[in-house]
Amino acid sequence: MMDQGSWRAAAAATGPGDRAAAEEGVRLAYRLAGLAGPDRILWTRSPREAVRMLMEPARTDGARTGPGAGAPADPGPDAFGASVRDAVLGAPWAAERARLHAALGPQG
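Residue numbers (the working numbering): 1156 to 1263.
Following this line, the structure appears as structure tokens:
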């Protein structure tokens, strides 16, 4: 079992991630939520770069440049599909909280 210091060190780590393992985790979360997996997973170097990619306008020929290259040419909330955040994050956490509350009672 990891202690709090280990968790903090992992959360603050800036080294390369294991993309294959991370992408499998994303696909597993979709499956557990009863959803089809994503067609592709786009990676960026930072949260700021991800926002820039989402907001970057397409060129007149429909191509994208910079960090969003390879992403859909039509930026905006619908270009990347509907949000699945509640299905893969909110709902599973809520279900687990409810299960534990039922098992342990309000005092935990």
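Beta carbons are placed, not taken as given, at the ideal position from N, Cα and C, and that holds for glycine.
Residue range 1159-1167 is occupied by the alpha helix (DSSP H) that includes W1162. Around the beta-carbon of M1210, fewer than 16 other beta-carbon atoms lie within 10 Å, marking it exposed. In the three-state scheme derived from DSSP, where H, G and I count as helix and E and B as strand, P1247 is classed as helix.
Leaving aside the five residues that flank A1184 on each side, the residues in its chain whose CB is nearer than 7 Å to its CB run, in chain order, V1243. In this chain, the alpha helix (DSSP H) harbouring E1179 covers 1174-1187.
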